[in-house]
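Number of protein chains: 2
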Amino acid sequence: MLMSKKVDVGVPEQFNWSMSDHSKIYEFGQKTDGNATMRSLLGGKGANLAEMARIGLPVPPGFTITTEVCAEFKANGEKLPAYVFDQVKVAIKNVEAQQGKKFGDLENPLLFSVRSGARDSMPGMMDTILNLGLNDQSVQGFAKHTNNPRFAYDCYRRFIQMYGDVVMGVQATDDRDEEPFDAVLGQLKQEVNIQNDVDLTAEQLQELIRRYKDLIKKSVGAEFPQDVYAQLEGAIGAVFRSWNNERAVIYRQKYNIPSEWGTAVNVQSMVFGNMGDNCATGVAFTRNPANGMHEFYGEYLINAQGEDVVAGIRTPRPISALKNDMPKVFEQLISVCKTLEDHFCDMQDLEFTIEQDKLYMLQTRNGKRTGLAAVRIAVEMVDEGRISKEEAVRRIPADSISSLLVPVFDEAEKKNLKKLAIGLPAGPGAACGKVYFSAKKAEEIHAQGEKVVLCRIETSPEDIRGMLTSEGILTSRGGVSSHAALVARQMGKVCVCGAGTLHIDYVSKTIQVSETIIKEGDYISIDGTTGEVFSGKVATVPSEVNRVLAGNMKAENSDTYRLFAMVMDWADGFRKLGIRTNADTPKQAAQAFQLGAEGIGLCRTEHMFFEEDRIDFVRKMILATTMEDRIKALDHLKPLQRGDFEGLFRAMKGQPVTIRLLDPPLHEFLPNTDDALDALSKKFNIPMEHIGARVQALHEQNPMLGHRGCRLGMTYPEITTMQALAIFEAVAQAVSEGIDVKVEVMVPLVGFEGELKSQVERIRSAADEVMNRTGKKFNYAVGTMLELPRAALVADKIAETAEFFSFGTNDLTQTTLGMSRDDSGTFLPEYISQEVVKRNPFASIDVEGVGQLMGIGVTKARRVRPGVKIGICGEHGGDPDSIKFCHSLGLDYVSCAPNRIPVAKIAAAQAALEERS
Amino acid sequence: MLMSKKVDVGVPEQFNWSMSDHSKIYEFGQKTDGNATMRSLLGGKGANLAEMARIGLPVPPGFTITTEVCAEFKANGEKLPAYVFDQVKVAIKNVEAQQGKKFGDLENPLLFSVRSGARDSMPGMMDTILNLGLNDQSVQGFAKHTNNPRFAYDCYRRFIQMYGDVVMGVQATDDRDEEPFDAVLGQLKQEVNIQNDVDLTAEQLQELIRRYKDLIKKSVGAEFPQDVYAQLEGAIGAVFRSWNNERAVIYRQKYNIPSEWGTAVNVQSMVFGNMGDNCATGVAFTRNPANGMHEFYGEYLINAQGEDVVAGIRTPRPISALKNDMPKVFEQLISVCKTLEDHFCDMQDLEFTIEQDKLYMLQTRNGKRTGLAAVRIAVEMVDEGRISKEEAVRRIPADSISSLLVPVFDEAEKKNLKKLAIGLPAGPGAACGKVYFSAKKAEEIHAQGEKVVLCRIETSPEDIRGMLTSEGILTSRGGVSSHAALVARQMGKVCVCGAGTLHIDYVSKTIQVSETIIKEGDYISIDGTTGEVFSGKVATVPSEVNRVLAGNMKAENSDTYRLFAMVMDWADGFRKLGIRTNADTPKQAAQAFQLGAEGIGLCRTEHMFFEEDRIDFVRKMILATTMEDRIKALDHLKPLQRGDFEGLFRAMKGQPVTIRLLDPPLHEFLPNTDDALDALSKKFNIPMEHIGARVQALHEQNPMLGHRGCRLGMTYPEITTMQALAIFEAVAQAVSEGIDVKVEVMVPLVGFEGELKSQVERIRSAADEVMNRTGKKFNYAVGTMLELPRAALVADKIAETAEFFSFGTNDLTQTTLGMSRDDSGTFLPEYISQEVVKRNPFASIDVEGVGQLMGIGVTKARRVRPGVKIGICGEHGGDPDSIKFCHSLGLDYVSCAPNRIPVAKIAAAQAALEERS
């Protein structure tokens, strides 16, 4: 094995286009054109097949049709351009020469697999054809040449089935959901009374082939093609087409993969895991992808082809068993794994086939992993000296760290509940919900606001939407590389798979375990960390990390905490962005402080208004008809608000605290039913007519664009004064307690510089009054939100008064796009599925539009007030891509929900590291 | 008289600062520091006093304190800076030397008037003090020296009254609205049984003076000041302060005068029109300001001071009577008028005083005039060779031209109604409404949506708000220079003044004319063109201009039309902007075409949806649950829409027609009461539950930001298809009729380029289908609105698809400012009054914010598609300032309501002319 040269992987910018940039075909085998850096052009699978061939690993020869052709194919009316097919034919000749067999030969035919392979792996999303190159005549030669008719006909029937499904588009003919070829197979097995596919005889397989071809004829009105080049052209086209099938599109949306990237197509000589008991096929991970432990992990099937393992039809054997079954090959596989991990410097997910005791490598890639695994592998690879801390932080998907903070089941309570089964712990975490047995139903029930656990015998790519909307996934069949496990790893879903003792019945919609029966809609709880399945609801407790942070668990007792703290520490060392939190109560503030918040970026004072002891005064203030009455109500509110602020200052121990003045329209504080209004009328002894008139007067056509934010402070300046006094009185109190308070008073919804000037004047006189009254001196800053397009456009003018800024990207998105978040449900999903909008702009900043305005705002504000502090406190502050964008804009900090702080730290560190390189 | 040099007036940029830019005082008289170009520094009054002095007209000497001091005064705690007052004292010495009298002298005191004077005249808005410099002692010397004790005490009591009111702030002590000094005067007159002020004896005036001083003492607790310099300092301060009084602020808002400009203060030696019957005071216009006729026009009072004329207390004599009263002075006045009009090259509004047969000029300025007068004077001055056509167009306030298009009373119907009186025709036009007798009540009733005619014996500046909200103003007292006439001229209000036969009684709230009694709330009609007053409602007919355009009157019979057509012709020659119209029906389109519209810039297709024959199908379309049902309803709508479009194409005779696709949210088409929904349920035989559910589903939190515009077309593409087919079928029909149709299909509310791409695809296939089906070939363009901030920000991307753009500034303003027009009523008026917002952004483009975005949009769009056609079709398209801004942005056209087309043409021409100079 060639290991002389380390390839710089994972840096897709370094293409080596010069080599053969006119060819659309890159060969691998004796002659290898590509390498691992060429993911954009060859897709991940193609690039790594080339790389494995280059370093001398046993890769069956073949070639890759580049991703460029994907777009050409579409533009060419979904037909492969002729010049590309000419190049394909040349490449076929080269493979024939290496293999000493001919494609389409009637005696000893060369067979191919045809597989997709995008830049980022999208496992199971696109189509694959195996055993391509057989026809009615050559299968006889193949049977004779291999001296294994059962094997030959098995290959042919597999080929017809896949081709009929994927290329020819055979559909189910009746209402049953069953895949039509499976139905034919099932029927035959019943007729001949056979349980397992492998037990079918050559003759029975020949009968099956006849029935398959009939099915195709009946279903699509065409014959199964006998010309091998026609087969090949059809298969290549089908793979390119599958780039735009529904599940691939959904997957791309979820992972923000641009549709322009396209897929490559890999055409590779077949090797056979299904020639007999000295054959096998399997998948393996160089480390455990569920928890990251450094152990060889995987599974295989004797006498099978690749799709049998993934499809979960037969339960595979754990990879450790291969040591007994085929000790020599196992040794070799271990050695290949080491080579690959050394070479790619990351945990590898690989596919292999053993043909008559000979090992072939069919794929390797950086393995998908759960959040916990990502953190553990990164930390341990640093310990092993394989990667730097920078690289470790780069590799942890920022979002995945939050899985270390999700609640887990209460161990004590677990003991009181009925444990139904133990399966494979495929996606860590605790999930509890009502059980449903179809993805469609799960989606439906979820849309009604219910929590769902999707329970399937096995899952398939068609289930993807339902899986995404479920709290957790439970299967009774399939192992670590089954579809369910794979989705759980990628999407951070709680998952238990292969819980074989559960008898799942789709017809009666029940799970049966010995005498226990769980019906559709019953509660079930699954622990994806241990693999346990419980009937009923299990209460959750905070995660280990949170327990340690809260002082309820010793740090040395939690390995998870050790990993978490290590990674946070590294991230803190790299990042430049400050991380603050959005917190409205002292409790939230304290939690955020434990998680490392460097201040409060947004305290929404109105959230305190709803608490029971004050909502009455808020309502009295709103219903007041005279300024005197309004001030009386405000006087009651002030000490309560002051108390809240004191709590925040104590919790934050001298970190800056940004307090936003009242923002929402006043009608939000009034009840909205006639009964509740009536009760209010009686309680306050205010005539119903008056209340009705006030409700009427407060009603707005478009409250989002109405009388709110500083517009309230401008028209009811006494509210601003009350809030400012409460803030500064709290500051004075905190100062007297020895806290070095850094308070920032934030005026919301400013669009005109005059608004801010007027509000600031009021705030400053409140501060002066409190300083005079209490004799305490303190510093404070007054600034504003940038949450209206106009504010960003005139940020220079506003900066003459504002001492700091904070982007309110929720409102800024709504106004810039003219799109109400509450009302966008009727069209935004359609936009996302049509790719008119790349990502939900309320989840991740619309860089092109909203981001452009933010850039204008930053530039203008700093032109007038160089270095002015600018942050972001919209919900985008917790979204990794948005955080990276904020870094690129030169913001000072992001502010996010307490539980997003670790995510924000990683994302901020990654942004700083990206900038370095 | 010096007339050797023509001064370039009206170009305020050409300041002559070098002369004495350290002094805050500019003298006029024997030595004159300023001139007419220095309006910014000296105010209009001060600059023109200087100019009149420079050209040798008889101006009583004095000096101007510059507008700069106005801000210094405010910043200095509303106190005149000491160094300025030192300069004032020096200037006083210079005036003393010229007049041979001393300020504060006890024998022969020099008296001053102290008046405001802003850059643009704001008549009656700020304060004035006359006869300043008298005190208890010097009034005796003054009486002796003038040998006219009655005159001397009259001057003193006037001075005390004005000073007490304006400087010392004496307020009414009881609930009556009566001005307190007037009350004292009235009481005394009653005691001594005298009707007219002029009949009070010297002794009675001395008693009045005592009572006035008592009133001051009681009301403000201070003595009336006896020190003349203290008097002067107080008066100057009061004038500066009056820059920010309520009525001045309202006036500035209406006329967009920045508060930073400030007022100057003019201190001028008094001359006396009230020394006896060889004295007089008056105002005159070199042409008739109501209709523009070239005639000497004005009025005067014998033995009176200036405020008597304006206040309307005595009814003045027409200026022509002066020829008999004082023939020599009249000759001289005619000559001065000619000099002034020649010198300033515009109609002059002048104030004069005759003191013992000697003429003094106290003011001249370009006279305010009605729209009709503006047009006539401009045209006639061109005829007279005084000004160029360019200058003529520059001088016509664009808005004022619309007064030539307002409906007038139907002459036939007038004859059937009771004519109550004839007054002075002070503001042309027809007004009809319910009569109310106080400004406050008029405002109240107007707020309830009623049309009001405000009827007052005379009006005063306090009435300004009520006057602005009334349809017309009627007074029984006061002439052409009365407050009512002046406001009518400035604000384009219909006004009849001095209808002396009307007996107006505020207490009984009635108008009595012989036996007829009109009560509060009764309808009244006033014709401001003829001066007629009618009881009841008179029907209106289109204006002469509109009748000529519609072919219902011969052009040669209408002088107004001749003037209108002339000015339009000139404007068309100068302007670069195209002028289109917003028209939704063939009728509107035809009207706009007559007025010279060069195309339709916006046809809102949904306006057609509400018509009786189609609203049912629209509702069926909305209530449809299947696409089939929806398409069925759309099939019914299509021929109706097609018919509308055919009508538009015929009306526009080959001018471009921009048709916007469906824009408003669907719920706007459903009834909004339960009863109406119930009726719909019965009519359509659709269960009420279904209708209720659909209404529920269509309900939105913020419909402005919801499911509307192209978002409808994206989710219900069949609507786009129906509308596109209707448009193109209409085009095919029009083409077959020989019309060279230029249709532009406009997609609304685009924010993402993908939206436009998707809609354009649909529109183009509809066009192809119609061309194939009908065999007619036609051209068309597809473009989009720019009405969301994002659209402007990514106009480059959108320009890849859009063939034209139109700014929808209504929505763009709402989104950029985050301000719903419908909901802004609770805070926007407050913002405008606090000058946080300079102008209502929904009336005139917010140049700084919205305008900045428009600039970004234009630049980006034209970067990708050079020279792409860009227009504006928001309501701002009819606002002169916005039109000028659009010109400066390089837009191709503005589109406005049909009746705003002439305004738009003038504004566009003015923009082009401004650019030239």
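So the sequences go chain by chain: A and B. At position 236 of the first sequence (counting the first as 1) the number is 394 in the numbering used here, and the numbers step up by one without a gap. At position 456 of the second sequence (counting the first as 1) the number is 614 in the numbering used here, and the numbers step up by one without a gap. No residue lacks a Cβ here, since even glycine has one placed at the ideal position from N, Cα and C. Bear in mind that the values here come from a model prediction, so they are computed numbers and not experimental data.
Judged by DSSP in its simplified three-state form, E902/B adopts strand.
For A1001/B, the number of other beta carbons within 10 angstroms of its own is below 16, and it is reported as exposed. Taking 4 residues as the minimum length, the alpha helix (DSSP H) runs contained wholly in the segment 846-895 of chain B are 846-856, 868-873 and 875-894, in order along the chain. Between A208/B and T190/B, the CB-CB gap stays under 8 Å.
If you keep only unbroken alpha helix (DSSP H) runs of at least 4 residues inside the segment 440-499 of chain A, you get 464-469 and 480-483. Distance check between N289/B and each of Q506/B, I460/B, S634/B and R273/B places R273/B closest, using alpha-carbon atoms only.
The three-state reading of DSSP puts F722/A in helix, counting H, G and I together.
Per DSSP, C503/A lies in no alpha helix (DSSP H) and is assigned neither H nor E.
Between the beta-carbon of N461/B and that of V356/B there is about 7 Å, and that keeps the pair under the 8 Å contact cut. Taking a C-beta distance under 8 Å as the contact criterion, I1028/B and A950/B do not qualify as a contact pair.
Listed in chain order, the positions of the segment 330-364 of chain A with a beta carbon within less than 9 Å of a beta carbon of chain B would be empty, since no residue qualifies. The alpha-carbon separation between F243/B and A393/B amounts to approximately 12 Å. For the set A791/A, A729/A, F751/A and I817/A, the Cα lying nearest the Cα of L760/A is the one of I817/A. Judged by pairs of C-beta atoms under 8 Å, the segment 899-913 of chain B touches the segment 849-869 of chain B, as three or more such pairs exist. Comparing C-alpha distances from I408/B to each of A729/B, S1075/B and M283/B shows the shortest one belongs to M283/B. Taking one beta carbon from each stretch, the segment 742-762 of chain B and the segment 800-810 of chain B have 3 or more pairs nearer than 8 Å; the two touch. The beta carbon of D969/B sits closer than 8 Å to some beta carbon of chain A. Chain A places a beta carbon closer than 8 Å to that of N860/B, counting this residue as a contact.
In the three-state reduction of the DSSP assignment, V1016/A falls in the helix class, which pools H, G and I. For K376/A, the uninterrupted alpha helix (DSSP H) segment begins and ends at A360 to V378. Its chain contains P267 and A310 as the residues whose beta carbon lies nearer than 6 Å to that of F300/B, once the 5 sequence neighbours on both sides are disregarded; these appear in chain order.
Contacts between S916/A and chain B, judged by CB atoms closer than 9 Å, involve Q992 and V994 in chain order.
Taking L632/A as reference, the option from R614/A, N937/A and T222/A with the minimal CA-CA separation is R614/A.
Note that the C-beta distance between L366/A and L343/A is below 8 Å. Using a C-beta cut-off of 8 Å, the segment 734-745 of chain A makes no contact with the segment 569-578 of chain A, since fewer than three inter-stretch Cβ pairs fall below that distance. E911/A carries a helical assignment under DSSP once its states are collapsed to helix, strand and coil. Sixteen is the threshold: since fewer than 16 other Cβ atoms of the shown chains lie within 10 Å of the Cβ of M785/A, the residue is exposed. Counting along the chain, the unbroken alpha helix (DSSP H) around A642/B starts and ends at H641 to M649. Following the DSSP letters along the chain, one finds I684/A inside the beta strand (DSSP E) bounded by residues Y681 to D685. Residue nearest to E1072/A within the set E913/A, E548/A, A605/A and A588/A is E548/A (criterion: CA-CA distance). Against R948/A, the close residues of chain B are T974, L975 and G1007, in the order they occur along the chain (beta-carbon pairs closer than 7 Å). Not a single CB atom of chain A sits nearer than 8 Å to the CB of T942/B. Of the other Cβ atoms in all chains shown, fewer than 16 fall within 10 Å of the Cβ of K375/A; this residue is therefore exposed. Per DSSP, the unbroken alpha helix (DSSP H) holding T971/A starts and ends at T967 to L975. Sixteen is the threshold: when 16 or more other Cβ atoms of the shown chains lie within 10 Å of the Cβ of M196/A, as they do, the residue is buried.
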